[in-house]
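Number of protein chains: 2
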Amino acid sequence: MTEIEKTLENHQVRPTAMRILIYKYLAEKKIAVALTDIEYAFAKAERTTLYRTLKTFEEKKIVHQIDDGTGISKYALCESGCNCEIEQDLHLHFHCNNCNETVCLTEHKIPQIKVPDGFVSENVNLVVKGICDKCSGQ
Amino acid sequence: MTEIEKTLENHQVRPTAMRILIYKYLAEKKIAVALTDIEYAFAKAERTTLYRTLKTFEEKKIVHQIDDGTGISKYALCESGCNCEIEQDLHLHFHCNNCNETVCLTEHKIPQIKVPDGFVSENVNLVVKGICDKCSGQ
DNA sequence: TCAATAAATGCACTTCTGTTGCACTATTAA
DNA sequence: TTAATAGTGCAACAGAAGTGCATTTATTGA
Chain A
917 MTEIEKTLEN HQVRPTAMRI LIYKYLAEKK IAVALTDIEY AFAKAERTTL
967 YRTLKTFEEK KIVHQIDDGT GISKYALCES GCNCEIEQDL HLHFHCNNCN
1017 ETVCLTEHKI PQIKVPDGFV SENVNLVVKG ICDKCSGQ
Chain B
917 MTEIEKTLEN HQVRPTAMRI LIYKYLAEKK IAVALTDIEY AFAKAERTTL
967 YRTLKTFEEK KIVHQIDDGT GISKYALCES GCNCEIEQDL HLHFHCNNCN
1017 ETVCLTEHKI PQIKVPDGFV SENVNLVVKG ICDKCSGQ
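Protein chains in written order, with the numbering used here: chain A, 917 to 1054; chain B, 917 to 1054.
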């Protein structure tokens, strides 16, 4: 049994061929990917299957969904630096206005945000937009 | 000439009847509104007109677009507390998971966010989700 | 003032993302 | 081996966003 299969089973997800492939794909891409991206990569697979696989992964805390402000949901593997399972996903995301890619800055935690009296904060989403390291030319 | 007409002209937007109405509507609602909301409010008007009016307003810095994570673009008037015109729109937004409304917390500025070397930050979007003052029952 | 021009609006589509229902297939457990 | 369950594929739909074009309204300049 491979590493990936173990990981999936640890999250109560049956390691089907499709799921292993999708997991691999997510692991290879360092960036957050949209459903459409996976669709292109797996031209043979059904969009519905990919869609539901992502939903399953999300539910089982294998990936986290990212809203980077483009209006398209993206997903990225929860890795060592990501503690989605225990606490809120509090790292920030960076969206590059040039290459249009979104990356998790797992080591950059979101600072404490104060809200006015009467407001109860349950979750924080922070997306920084700009130029990523690859595009800034260094 | 009314106050609203002046405001529109100050932003190089011709104050047509439709635009004045939409501006009024936005001013009355304290919360960020989606295109659909306006559509309901102005059942007689065409969606395209509303859509393009919002785009015009956005371009001319009369409103700012808000991505609150619901996947639906919302818009709110840039008011005194909002300095979209001069600098980045750095106030945060609060989305209530109960009533589903999104408000600008104009007085709450986004703290300085550090990004790794090579990344250039141009803009920051911060959305706090939780329960708003009206729904938290106080 | 009135025609020429430009801006705004209305209507009909299209596209894209996300989502669901249902049938079929593969897998698991009794 | 068979019944139950989980996963996959196909088809279709919903909602938001966006575009092209014709028509109306407003502005400008002769």
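By construction, the Cβ of each residue, glycine as well, lies at the ideal position given by its N, Cα and C atoms.
Mark residue i as exposed unless 16 or more other C-beta atoms lie within 10 angstroms of its C-beta, in which case mark it buried.
i, result
"A:Asn1041", "buried"
"B:Lys1045", "buried"
"B:Cys994", "buried"
"B:Lys940", "exposed"
"A:Cys1015", "exposed"
"A:Thr1018", "buried"
"A:Ala933", "exposed"
"A:Arg968", "exposed"
Report the CB separation of residue i from residue j in whole angstroms; it is logged as a contact under 8 angstroms.
i, j, result
"B:His1007", "B:Lys1025", "6 angstroms"
"B:Phe958", "B:Leu966", "7 angstroms"
"B:Ile903", "B:Ile938", "Past the edges of chain B, shown from 917 to 1054, lies residue 903 of chain B, and the structure says nothing about it."
"A:Ile982", "A:Ala948", "5 angstroms"
"B:Lys990", "B:Ala961", "Not a contact, Cβ separation roughly 18 angstroms."
"B:Leu924", "B:Val979", "Actually they do not touch by this definition, with Cβ atoms about 12 angstroms apart."
"A:Gly1053", "B:Ser1052", "Rounded, the Cβ-Cβ distance is 48 angstroms, inconsistent with contact."
"A:Thr972", "A:Val929", "6 angstroms"
"A:Pro1027", "B:Pro1027", "5 angstroms"
In this structure, does DSSP put residue i in helix, strand or coil?
i, result
"A:Glu955", "helix"
"B:Lys990", "strand"
"A:Ala961", "coil"
"A:Asn926", "helix"
"B:Leu1006", "coil"
"B:Thr972", "helix"
"A:Glu995", "coil"
"A:Lys1030", "coil"
"A:Lys977", "coil"
In chain order, what residues of the same chain lie with their CB nearer than 6 angstroms to the CB of residue i, ignoring the 5 residues before and after it?
i, result
"B:Gly985", "Val1043"
"B:His927", "Lys976 and Ile978"
"B:Lys945", "none"
"A:Thr918", "none"
"B:Tyr956", "none"
Ordered along the chain, which non-local residues of its own chain (more than five positions away) have a Cβ less than 7 angstroms from that of residue i?
i, result
"A:Val1031", "Ser1037"
"B:Arg935", "Leu924, Val929 and Thr969"
"B:Lys1050", "Cys1015"
"B:Lys922", "none"
When DSSP builds the beta bridges, which residues end up paired with residue i?
i, result
"B:Ser1052", "None; B:Ser1052 has no bridge partner."
"B:Ile982", "B:Lys990"
"A:Val1044", "A:Phe1010 and B:Val1040"
"B:Phe949", "Looking at the sequence shown, residue 949 of chain B is not Phe but Val. Paired residue(s): B:Tyr991."
"B:Lys1025", "B:His1007"
"B:Val1019", "B:Phe1010"
Can you list, in chain order, the residues of its chain with a C-beta nearer than 8 angstroms to that of residue i? Leave out the 5 residues immediately preceding and following it.
i, result
"B:Thr952", "Ile988"
"B:Ile1029", "Ser1037 and Val1040"
"B:Cys1048", "Phe1010, Cys1012, Asn1014, Cys1015, Glu1017 and Val1019"
"A:Glu974", "His980, Gln981 and Tyr991"
Does at least one heavy atom of the ligand COA sit under 7 angstroms from the Cβ of residue i?
i, result
"A:Cys1051", "As presented, the structure is devoid of all ligands, the ligand COA included, so that no description of it is given."
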